[in-house]
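One rule links them: number in our numbering = place in the sequence shown (from 1) + 70.
Quick reminder that beta carbons are idealized off the backbone N, C-alpha and C, glycines included.
Below: the structure, in structure tokens.
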Amino acid sequence: MSGLPPVIAIDGPSGSGKGTVAQAVAEVLHFHYLDSGALYRLVALAADRRGIPLNEENRLAELASSLDVKFVSSDIILSKEKVTDDIRSEACGRGASLVGALALVRQALLRRQQEFRQAPGLVADGRDMATVVFPDARLKIYLTATAKARAERRHKQLKQKGITAKITVLLQDLQDRDARDESRSVAPLKQSPDARLLDTTAMSIADAVKQVLEWYRGLEIGDARP
Ligand code: DC
């Protein structure tokens with residue numbers, strides 16, 4: 071084992087619930103939390119504000135390395151402006167998926183993500199946490215659910231916020247995003263061979279959190295054995 075703080079890497083497709091599960095696990099263990107998708111969303115938002123087209127790789131990479139971003143408890147501040155809700159829009163999600171396909175952007179965000187690894191530990195969620203950013207993670211999980219279940223969850227979330235959306239449109243958007251994230255040549259979304267699969271299609275968030283904690287504690291007990 072390295073002397074670095076332990077990492078729990080949770081990867082998976084959009085809407086699988088990995089963010090909610092990762093945050094809850096981090097809270098129970100008093101670990102730090104990295105929402106890596108937020109960084110890609112921030113690049114997309116900043117690019118939009120500056121009028122940089124989402125295919126200009128060099129300019130986007132420069133933007134990614136110079137982003138003035140702060141995570142203050144549950145708020146995200148970009149150049150002194152609170153953008154916590156702005157980056158959650160469907161447009162930012164789509165933009166994030168586009169900029170995430172660019173190798174130079176990924177490279178520019180790599181160190182920024184690794185800097186979140188602080189004592190006593192980190193729970194990191196994204197697409198390539200186990201495969202690229204933290205290949206030595208203590209526990210690797212691939213958290214997923216069927217596209218239909220994910221679209222239904224997203225629909226419910228939007229409804230709670232008073233936003234109307236068609237399930238069929240949400241489903242198509244999720245499938246497009248999955249296809250782009252899985253087929254890109256750099257750091258594609260895929261289950262790491264050493265990751266445990268957690269399918270939450272028929273599982274509550276609370277049960278998913280319980281399962282992750284059980285796996286992590288199981289590893290710790292294993293370590294303590296002579
Ligand atoms: O997890 P999310 O939905 O906030 O991520 C939005 C997009 O960002 C996702 O469709 C692809 C990209 N992303 C990525 O390429 N790599 C990551 N580690 C996290 C997100």
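Exercise for the section: Assuming Ala134 and Leu179 form a contact by the criterion Cβ under 8 angstroms, report the distance between their Cβ atoms to the nearest whole angstrom. Expected result: Position 64 of the sequence shown, counted from the start, is the residue given in the question as residue 134. Position 109 of the sequence shown, counted from the start, is the residue given in the question as residue 179. Going by Cβ atoms, the distance from Ala134 to Leu179 rounds to 5 angstroms, so yes, they are a contact pair.
Practice task
Could you tell me whether any Cβ in chain B is nearer than 7 angstroms to the Cβ of Val279?
Solution key: Looking for chain B here will not work: only one protein chain is present.
Exercise for the section: Measure the Cβ-Cβ separation of Leu130 and Val175 and say whether it is below 7 angstroms. Expected result: If you number the sequence shown from 1, residue 130 lands on position 60. If you number the sequence shown from 1, residue 175 lands on position 105. In this structure, Val175 lies closer than 7 angstroms to Leu130 by Cβ.
Exercise for the section: With a cut-off of 6 angstroms, give the chain-ordered residues whose Cβ is closer than this to any heavy atom of ligand 1. Expected result: Ser84, Ser106, Gly107, Tyr110, Arg111, Gly163, Ala166, Ser167, Gly170, Gly196, Arg197, Asp198, Arg247 and Asp251
Problem - Sequence-distant residues of the same chain with beta carbon closer than 6 angstroms to Gly191, five excluded per side - result: As a first step, residue 191 is located in the sequence shown; it is residue number 121 there, counting from the start. Closer than 6 angstroms at Cβ, skipping near neighbours: Pro75, Pro76 and Phe101.
Practice task
Assign Pro83 to buried or exposed, taking buried as 16 or more other Cβ atoms, counted over all protein chains shown, within 10 Å of its Cβ.
Solution key: To locate residue 83, count along the sequence shown from 1; it is residue 13. It is buried - the Cβ of Pro83 has at least 16 other Cβ atoms within 10 Å.
Practice task
For the alpha helix (DSSP H) containing Thr297, list its first residue and its last residue.
Solution key: Beyond the ends of the chain as shown, which are 71 and 296, falls residue 297; an answer cannot be given.
Exercise for the section: Measure the C-alpha to C-alpha separation of Phe87 and Thr214 and round it to an integer number of angstroms. Expected result: Reading the sequence shown from its first residue, position 17 is the one you call residue 87. Reading the sequence shown from its first residue, position 144 is the one you call residue 214. A quick correction: the sequence has Gly, not Phe, at residue 87. When rounded, the distance between both Cα atoms is 8 angstroms.
Exercise for the section: Under 8 angstroms by Cβ, that's how I've got Val142 and Leu283 pegged, so tell me the actual separation to the nearest angstrom. Expected result: Numbered from its first residue, the sequence shown carries residue 142 at position 72. Numbered from its first residue, the sequence shown carries residue 283 at position 213. Rounded, the Cβ-Cβ distance is 27 angstroms, inconsistent with contact.
Problem - Where Gly85 falls: helix, strand or coil (DSSP) - result: Counted from its first residue, the sequence shown places residue 85 at position 15. Coil.
Problem - Where Gly292 falls: helix, strand or coil (DSSP) - result: Position 222 of the sequence shown holds residue 292. Here Gly292 sits in helix by DSSP.
Problem - Contact set for Leu244: own chain, Cβ-Cβ below 8 angstroms, skip 5 residues either direction - result: Taking the sequence shown and counting its residues from 1, one reaches residue 244 at position 174. Excluding sequence neighbours, Leu244 sits near Pro83, Ser84, Gly85, Ala217, Arg220, Ala221 and Arg224.
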